[in-house]
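A short write-up of the structure that comes next.
Number of protein chains: 2
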Amino acid sequence: MNPLELTGTELKQVLERVSARLCTFLDSLPDQPAWNISGAEEVARSVNKLLPVNARELDSVLDELFERLIPVAYNTASPGYFAYIPGGGLPQSGVADLIAAITNRYSTVWTAAPGAAQIESVVVRWFCGMVGYPESAGGFLTTGGSLANWSALTTARRTRLPDNFLNATVYTSDQAHHSIHKAALLAGFPVENVRSIEADADFRVCTKRLRAKIQEDREQGLRPFAVVGHAGTTNTGAIDDLEQLADLCDKEELWFHIDAAYGGFFAMTERGRLRMRGLDRADSITLDPHKGLFLPYGTGCLLVRDQQLLKIAHHVDGDYMPPMQTDNEFIDFCSISPELSRDWRGLRVWLPLQLHGSRAFQAALDEKLDLAEWATDQLRHLSLGPGDRIEIVAEPQLSLVAFRLLRDGVSGRALDQLNQELLEEINSSRRVFLTPTTLGGRFVIRICVLSFRTHLDRMQECIDEIQKALSALRES
Amino acid sequence: MNPLELTGTELKQVLERVSARLCTFLDSLPDQPAWNISGAEEVARSVNKLLPVNARELDSVLDELFERLIPVAYNTASPGYFAYIPGGGLPQSGVADLIAAITNRYSTVWTAAPGAAQIESVVVRWFCGMVGYPESAGGFLTTGGSLANWSALTTARRTRLPDNFLNATVYTSDQAHHSIHKAALLAGFPVENVRSIEADADFRVCTKRLRAKIQEDREQGLRPFAVVGHAGTTNTGAIDDLEQLADLCDKEELWFHIDAAYGGFFAMTERGRLRMRGLDRADSITLDPHKGLFLPYGTGCLLVRDQQLLKIAHHVDGDYMPPMQTDNEFIDFCSISPELSRDWRGLRVWLPLQLHGSRAFQAALDEKLDLAEWATDQLRHLSLGPGDRIEIVAEPQLSLVAFRLLRDGVSGRALDQLNQELLEEINSSRRVFLTPTTLGGRFVIRICVLSFRTHLDRMQECIDEIQKALSALRES
């Protein structure tokens, strides 16, 4: 037998040793630093080895991974991780990945693995229901929001602009995730045809400005073609006025895509549904289960209101291919998406939902909305030095609040510098990890709470760290 | 604690139960059918349930998966799987996926997880070395060949055709995988600008015809732009004359991409390197570790001779992003590839190579080359009825042989029908699973041997099944 082949017993032994490491990892998470990149370069350089010719002991490899390589990182699994957009990484999905990989089912052709393919189909159907889409809707799982946004624009282009599309223009907010611009570029649109429309004071795209720009472009002989709205921007969690955008797109006959990578799963909560009214009117929607459904990195989703459009955009034949589905009951994902051979990624969504039910997810999401409100309230009541104030730059529209310290007589670059110092001080304990962004040229600090592991105790610690940092800053 | 959170002990218990199922799965693989889609529709329909609200017992979910959903499929993990392009699915990679998901490291931004990112970098560097690329080369891991081919054409377009590219033409063989056409479409090229150049009798693209077509297109005012060659076609495993194609592309100043999704890893063997001479002259190369490196589905790779071009094609900035690398020692994968948040997919390549060393992979690949030659020889010596002959339609250039039964007085559709019956008879035992293709309008049967679990015993069984099927066909 080739050494690559494992017997059941051998796999069991490997899993026992890996399981022990992972148990330690999980149980120590509350005590692990929320970020730690000390000695990063040295750690990385230690990986630079020639392709090994000979076998190596499992324990030595696990030591290297768990003691040396994995700990030096932004700890996205930590309950203190409030940076960027968290998620946490449900271990149940990791177990699903293990099953998917070892059974190695081929899920993009229905006939090749009907059960595996159907698991992906049913997951997509659940998501369609969640956003309020009709029966005609469909979609597929991607590796993340970037490829979902790209496929949205590609589907729009291939179905609405079959010929020359180089004068077509795409509109989004100046708060858009850069993956929108990247998606447009990769889909073939010239960079200068992507319009960033200024947002209002709540960081929602200004529909009036948008309408004017579309008009102006038409007068210039350009071809307005698609609008990308947001249900939860990365910067501040802002939700555009989706109803207004849908009305505008109807009237102007534009493709309406919503990037709901961050916000989409809040549609499982009542508050979320209210705040994202109009979500169901989009032609396409990007979701990121590895954000709001707490999955480990590696799962995004594109939904479209009319699944047939995905087929028109993606179907290509090959002589060597297995038989494809001709009716609409079962789906060949390779016919409606860009990939052919790829991982069976439906299982990592389906398994946790089976094991815990939607109620557990809804409760966790509601808790995040509460925590963000609670934190905002706490920020308003911090104990501050004379002349200092906390400005809530962005109130939570979902689970993200952005703030900065104001100080009498300090402005511009100096104020940015002050907030930069504040942020470094907050993060220095490593109990929490916050990250900044730039809003209207101002340096601001974000708290995004979205890990299923983050509860009131860590949120309290976060506020305590901010209070301590403010005091330290005053003393220095 | 939210029920979504697992303690170490809970994870351990889950893994023990899953491990037991996976052990049974692995140990029973030799006895499992190589394909089984009986009752596929019923199985799939059983998955169609509403989003569950409440929790469900792990064992009930595992029963559904392992007893009902997973077994009904083409068994891509079976040693008897000779269909399409096998791979098998190394369990060691599944273990890596488990670790990657639970630790949830963010590998596309170097600063966020230097160890994780470096593991991907070093894997790419090993692959660059394997194909003979210089120090300037680089690349990234994808989910499979389709997205690697798309990114190759997108990189070529973004760096060589910054403005109007709608009159640019792309050339490939009529033996090309359909993902090439799809890649071109998704990258923005008009479908009619993709040229399928007729292959020669060995299924290698005819360089003379290619040169003539390029000339003709130039005369028509079109803009010849890229050639896609093959190192192992999906149909027959044919390897184009890569040196000739490279010379032509040099002369005509065309981007030279090689789709080596199937063949690339044979560069680890001496025979493979000899047969794929010229591989290192490509501007870009697609590899599929989930084929020739035996990984589970979900890992492809794009390599480019000049890594800087990836950055030019893909880099876009965002205000909220972590600090990016500015020198060239460390790589932010989000700057050189289309994805931002995605799975840490380097670990599933790195871990098996660490555990077993390249020697085990090289030996397994050499064994596949031997087995294909052995099978071809056996096909020539089958016991046949009067008037019957076996035609080797495609000799193995790698580990794939294509053949058909000839019968005096039978031709055209009737001969195709005869071979269709032969194939069904061979597959009916379910000890092996072969699939057909169409070559020059003829229905042919393929044997592709590429699973690390396939050895001489199963290859012998395959020949025995073919012999039995021939006899049965004669009797009926």
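Protein sequences, first through last, are from chains D and H. The first sequence lines up with residues 182 to 657 when you count with the working numbering. The second sequence lines up with residues 182 to 657 when you count with the working numbering. Each residue gets a CB set at the ideal place from its N, CA and C atoms; glycine is no exception.
Could you tell me whether the segment 577-594 of chain D touches the segment 443-460 of chain D, where touching means 3 or more Cβ pairs closer than 8 Å? These segments touch.
query: Hey, is H:S200's beta-carbon within less than 9 Å of any beta-carbon in chain D?
result: Here residue 200 of chain H is taken as the residue at index 19 of the second sequence, counted from 1. Output row for H:S200: interface = yes.
**Q.** Proximal residues of chain H, C-beta to C-beta of D:V242 below 8 Å
**A.** Your numbering for residue 242 of chain D matches position 61 in the first sequence. The contacting residues are L532, Q535, L536.
Using a Cβ cut-off of 7 Å, which residues of the segment 576-589 of chain H contact any Cβ in chain D, in chain order?
Residues of the segment 576-589 of chain H with a Cβ closer than 7 Å to any Cβ of chain D: none.
query: Between D:S327 and the rest of its own chain, which residues show a CB-CB distance below 6 Å, the 5 nearest in sequence each way excluded?
result: Walking along the first sequence from the start, residue 327 of chain D turns up at place 146. Within the same chain, D:S327 has close Cβ partners S360.
First and last residue of the beta strand (DSSP E) that includes D:L620? As a working note, residue 620 of chain D is residue 439 in the first sequence. Start and end: 616-620.
| message | 9 Å is my cut-off, CB to CB: does D:D278 come that close to chain H? | response | Here residue 278 of chain D corresponds to residue number 97 of the first sequence, with the count starting at 1. It does; some Cβ of chain H falls within 9 Å.
**Prompt:** D:A349 and D:L403: beta carbons closer than 9 Å?
**Reply:** Residue numbering aside, residue 349 of chain D sits at position 168 when the first sequence is read from its first letter. Residue numbering aside, residue 403 of chain D sits at position 222 when the first sequence is read from its first letter. One thing to note: D:A349 has its Cβ within 9 Å of the Cβ of D:L403.
List, in order along the chain, the chain D residues whose C-beta lies closer than 9 Å to that of H:I251?
-> Within the second sequence, residue 251 of chain H is the residue found at index 70, counting from 1. Against chain D, a Cβ distance below 9 Å from H:I251 picks out I280, T284, R286, A294, G296, A297.
(Q) I'd like to confirm the pairing. Which residues does DSSP put opposite D:I266 in its beta bridges? (A) Taking the first sequence and counting its residues from 1, one reaches residue 266 of chain D at position 85. Looking at the DSSP assignment, D:I266 forms no beta bridge with any residue, so it has no partner.
ask   = With a cut-off of 9 Å, does the C-beta of D:I626 fall near any C-beta of chain H?
value = On the first sequence, position 445 is the one that residue 626 of chain D refers to. Against chain H, the CB of D:I626 has no partner CB under 9 Å away; the residue lies outside that interface.
message = I need the boundaries of the beta strand (DSSP E) containing D:F437, first residue and last residue.
response = As a first step, residue 437 of chain D must be located in the first sequence, where it is residue number 256. Note, D:F437: beta strand (DSSP E), 436-441.
Item checked: N-terminal and C-terminal residue of the beta strand (DSSP E) that H:C482 is part of -> Numbered from its first residue, the second sequence carries residue 482 of chain H at position 301. DSSP places H:C482 inside the beta strand (DSSP E), whose first and last residues are 481-485.
| request: Give a yes or no on whether 9 Å exceeds the smallest Cβ distance from H:L187 to chain D. | output: Against the second sequence, residue 187 of chain H aligns to sequence position 6. Using a Cβ-Cβ cut-off of 9 Å, H:L187 counts as an interface residue toward chain D, since at least one Cβ of chain D sits closer than that to its own.
Exercise for review: From the DSSP output, in three-state form, read off D:F686 for me.
Suggested key: A question about residue 686 of chain D goes unanswered here, because the residues of chain D that appear run from 182 up to 657.
Quick check on DSSP: helix, strand or coil for H:G445? Locating residue 445 of chain H in the second sequence gives position 264, where the first residue counts as 1. In this structure, H:G445 counts as helix in the three-state DSSP scheme.
* To do: Could you name the residues of the same chain whose beta carbon sits closer than 8 Å to that of H:G568, not counting the 5 residues immediately before and after it, in chain order?
  => Within the second sequence, numbered from 1, the residue matching residue 568 of chain H stands at position 387. Excluding residues within five positions, the ones whose Cβ falls inside 8 Å are R588, D589, G590.
Practice task
Put D:L587 into one of helix, strand or coil per three-state DSSP.
Solution key: Within the first sequence, residue 587 of chain D is the residue found at index 406, counting from 1. Residue state for D:L587 is assigned as strand, using DSSP reduced to three classes.
message = Under DSSP, the beta strand (DSSP E) around H:S410 begins and ends at which residues?
response = Taking the first residue of the second sequence as 1, we reach residue 410 of chain H at position 229. Ser is not the amino acid found at residue 410 of chain H; the sequence shown has Gly there. Start and end: 404-411.
According to a CB-to-CB cut-off of less than 7 Å, which residues of the segment 341-364 of chain D neighbour chain H?
-> Per Cβ criterion, the list reads N345, L347, H358, H359, S360, H362, K363.
| Would a C-beta distance cut-off of 9 Å place H:N416 and H:Q356 closer than the cut-off? | On the second sequence, residue 416 of chain H is found 235 positions in, with the first residue counted as 1. On the second sequence, residue 356 of chain H is found 175 positions in, with the first residue counted as 1. In this structure, the beta-carbon distance from H:N416 to H:Q356 falls below 9 Å.
Within chain H, the residues that D:F633 reaches when beta carbons sit closer than 7 Å
Walking along the first sequence from the start, residue 633 of chain D turns up at place 452. Near D:F633 (Cβ distances below 7 Å), the residues of chain H are N183, L185, E186.
Between the alpha carbons of H:I626 and D:T324, how many angstroms are there, rounded?
By 1-based counting over the second sequence, the position of residue 626 of chain H is 445. By 1-based counting over the first sequence, the position of residue 324 of chain D is 143. Looking at the two C-alpha atoms, the distance is approximately 35 Å.
| task | Determine, using beta carbons only, whether D:D461 and D:V312 come nearer to each other than 9 Å. | result | Translated into the one-based positions of the first sequence, residue 461 of chain D becomes position 280. Translated into the one-based positions of the first sequence, residue 312 of chain D becomes position 131. Result yes, Cβ atoms of D:D461 and D:V312 sit closer than 9 Å.
Length of the line joining the Cα atoms of H:I280 and D:L279: Translated into positions along the second sequence, residue 280 of chain H becomes position 99. Translated into positions along the first sequence, residue 279 of chain D becomes position 98. For H:I280 and D:L279, the distance between alpha carbons rounds to 9 Å.
Margin query: With H, G and I counted as helix, E and B as strand and the rest as coil, what does DSSP make of H:A463?
Written below: Position 282 of the second sequence, counted from the start, is the residue given in the question as residue 463 of chain H. Three-state DSSP puts H:A463 in coil, outside helix and strand.
Legend entry - Cα-Cα separation, D:S219 to D:W291: Sequence index remark: in the first sequence, residue 219 of chain D carries index 38 (1-based). Sequence index remark: in the first sequence, residue 291 of chain D carries index 110 (1-based). Here the alpha carbon of D:S219 sits roughly 47 Å from the alpha carbon of D:W291.
Less than 9 Å between the C-beta atoms of H:F247 and H:R202, yes or no?
Taking the second sequence and counting its residues from 1, one reaches residue 247 of chain H at position 66. Taking the second sequence and counting its residues from 1, one reaches residue 202 of chain H at position 21. In contact: H:F247 and H:R202 (Cβ atoms closer than 9 Å).
* Between H:L654 and the rest of its own chain, which residues show a CB-CB distance below 7 Å, the 5 nearest in sequence each way excluded? -> As a position in the second sequence, residue 654 of chain H is number 473, starting the count at 1. Taking H:L654 as the centre and dropping the five residues before and after it, the same chain places the C-beta of E602, L603, E606 closer than 7 Å to its C-beta, in chain order.
### Query
Is H:L187 helix, strand or coil by DSSP?
As a working note, residue 187 of chain H is residue 6 in the second sequence. Of the three classes helix, strand and coil, the one that applies to H:L187 here is coil, per DSSP.
Could you spell out where the beta strand (DSSP E) holding D:R627 opens and where it closes?
The count along the first sequence starts at 1 and reaches residue 627 of chain D at position 446. 623-629 is the span of the beta strand (DSSP E), which, as asked, contains D:R627.
Are H:L546 and H:M640 touching if we call contact CB-CB under 9 Å? Indexing the second sequence from 1 puts residue 546 of chain H at position 365. Indexing the second sequence from 1 puts residue 640 of chain H at position 459. Not in contact: H:L546 and H:M640 (Cβ atoms no closer than 9 Å).
### Task
Please decide whether H:P214 counts as near chain D, where near means a Cβ-Cβ distance under 9 Å.
One-based indexing of the second sequence puts residue 214 of chain H at position 33. Judged by the 9 Å Cβ criterion, H:P214 is not in contact with chain D.
Let me know the secondary structure DSSP gives D:E316 once reduced to three states. Counted from its first residue, the first sequence places residue 316 of chain D at position 135. In this structure, D:E316 counts as coil in the three-state DSSP scheme.
Next on the checklist: Mapping the DSSP letters down to three states, classify H:D547 as helix, strand or coil.
Outcome noted: Start at 1 with the first residue of the second sequence, and residue 547 of chain H comes out as number 366. Helix.
Does the distance from the C-beta atom of H:A365 to that of H:L334 stay below 9 Å? As a first step, residue 365 of chain H is located in the second sequence; it is residue number 184 there, counting from the start. As a first step, residue 334 of chain H is located in the second sequence; it is residue number 153 there, counting from the start. The answer is yes: Cβ separation under 9 Å.
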